[in-house]
Each structure stands twice: as structure tokens, then as C-alpha cells.
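**Q** Heads up: the sequence shown is residues 6 to 176, going by our numbering. What follows is a structure written as C-alpha cells; I'll ask about it next.
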Amino acid sequence: MDSDSFISAAQSAVDILENSSSLHSARSNVHDHCRTRQSDEPSHDMHGRCIYYCKYCSWAKSVTTNFRNHLRTKHAVTCIVENDVTEDVRMLQKLYQQLKQANETSTFDEKILQQAIDRDTFKQCLIDLVIVRSLSLSILTWPEFHMLCKALNPGSIASIPISHQTMRNWI
Ligand SMILES: [Zn+2]
């Protein structure tokens, strides 16, 4: 997965996590109803697909849909169909935890923070602030202004123009 795809998937993940974190505990998937296979049982079928072993009976099947149908008809268990995004979220959470343990999330975090900035809105708000409050056009060069922006979003510094001329051009 290239960097842009990773960031895009991460943003989807963040949206989903923010909107549905309370749903996870209520979810049930086929893996919750599988037993651990015995050492003499195959882990994959002849097509290389993972085999699911029912923990309520001796049934086993390699296709998730068939296993889900089995749970519904034989054990009255309804499993939700997890879509690709849910799987992506799970994968991203796992990868992010790995990065966190290695203390290597800074590059990833910085990209997310930078992408969270609405540059057009920032520009318009700053123009309004300067005009309405009669602030200096040199505001973009103020270290205090940079510190304020950094406090709100640590990834913002790279996105803020620091030229004295920029504000003049904007207004
Ligand atoms: Zn069963």
C-alpha cells in the first residue's frame, strides 16, 4: 500500500472509529463462533482458503458465507457481514499499534494532522481576523502566532506561509 492509499484508508478508519466505536462490542462475526482446530485437522482447503470449524458442532467449511448460513440455520446465530472497510480499520489499528510500540508514529501522525487543515478556511479566517481586529499584516511572521497554530494542530506549521508578503497578497 503506498503512502497516499495508507493515509486515505487511515482517514476512513478515523471516521469510522469516531462514528461507530460503540458498535464494536455488539458485533458478532464468524470468528467468534469458530473453535480452534485440532492438530490433525487441516487449516486450509485445497484452494488455499482458511477452514472454519464450528464450535457448536462438528461442521467445518472454508467459505465464510456458507459458515454464516450454517450458524444461522443450525444454531440461530446471526453474524453481521463485515465489509472491506471494517477489515481495513482492523488492519490499520494493528499496524498503528505496531508503529506505536516502535515509537514510530510521528511521520504518520504528522501527515494526518496536515491533511486535517482546511487551508481555504484558514486563509479566510485569518484575513477576517486581521481586517476586523486591525492586526498587523506581519502576523504570519509572529512566533507567537506560529505557537498558537502549533498548539491547535502540531502539524500546521508546515502549512502556514511565513512570508510577510503573503498577507499583503491575500488582502
Ligand atoms: Zn455448527
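Idealized CB from N, CA, C, for every residue including glycine. Just so you know, these numbers come straight off a predicted model, no measurement behind them.
Using the Cβ count rule (16 or more neighbours within 10 Å means buried), how would you classify S27?
**A** With a pLDDT of 40 at S27, under the threshold of 50, the modelled position of that residue is not reliable, and no figure is offered here.
**Q** Kindly provide the ranges of any alpha helix (DSSP H) runs that are 4 or more residues long and lie completely inside the region 77-144, ordered along the chain.
**A** As far as the region 77-144 is concerned, its whole alpha helix (DSSP H) runs of at least 4 residues are 89-106, 111-120 and 124-137.
**Q** If I measure Cβ to Cβ from Y61 and keep anything under 6 Å in the same chain, skipping five residues before and after, which residues do I get?
**A** Once the five neighbours on either side are set aside, the close Cβ partners of Y61 are H80.
**Q** According to DSSP, is C62 part of a helix, a strand, or is it coil?
**A** Coil.
**Q** Compute the Euclidean distance between the alpha carbons of L140 and Q103, then round it to the nearest angstrom.
**A** Distance between the alpha carbons of L140 and Q103: 46 Å.
**Q** At a cut-off of 7 Å, is H80 close to ligand 1 when judged by its beta-carbon and the heavy atoms of the ligand?
**A** At least one heavy atom of ligand 1 is nearer than 7 Å to the Cβ of H80, so yes.
**Q** Helix, strand or coil: how does DSSP classify H75 here?
**A** DSSP places H75 in helix when its eight states are reduced to three.
**Q** Using the C-alpha atoms, what's the distance from Q119 back to H169?
**A** The straight-line gap from Cα to Cα measures roughly 22 Å.
**Q** Buried or exposed: which applies to S44, given that a residue is buried once 16 or more other Cβ atoms fall within 10 Å of its Cβ?
**A** Flag for S44 reads exposed.
**Q** Return yes when the Cβ of M96 is within less than 8 Å of the Cβ of V135, no when it is not.
**A** For V135 and M96, no; Cβs fall outside 8 Å.
**Q** With DSSP collapsed to three states, give me the class of H49.
**A** Looking at H49 - three-state DSSP - the assignment turns out to be strand.
**Q** May I ask which residues mark the beginning and end of the alpha helix (DSSP H) holding R173?
**A** Run containing R173: H169 to W175, per the alpha helix (DSSP H) assignment.
**Q** For H36, count neighbouring C-beta atoms within 10 Å of its own C-beta (all shown protein chains included) and say buried if the count is 16 or more, exposed if not.
**A** Burial call: exposed.
**Q** Between which two residues does the alpha helix (DSSP H) harbouring P148 extend?
**A** Residues P148 to L157.
**Q** From S111 to C154, what does the alpha carbon distance come to, in whole angstroms?
**A** Spanning the two alpha carbons is a distance of roughly 18 Å.
**Q** Cβ of V82 within 8 Å of Cβ of H151?
**A** Taking 8 Å as the Cβ cut-off, V82 and H151 do not qualify as a contacting pair.
**Q** To the nearest angstrom, how far is it from the Cα of W175 to the Cα of D93?
**A** About 41 Å.
**Q** Rounded to the nearest angstrom, what separates L131 and Q98 at their Cα positions?
**A** C-alpha separation (whole angstroms): 36 Å.
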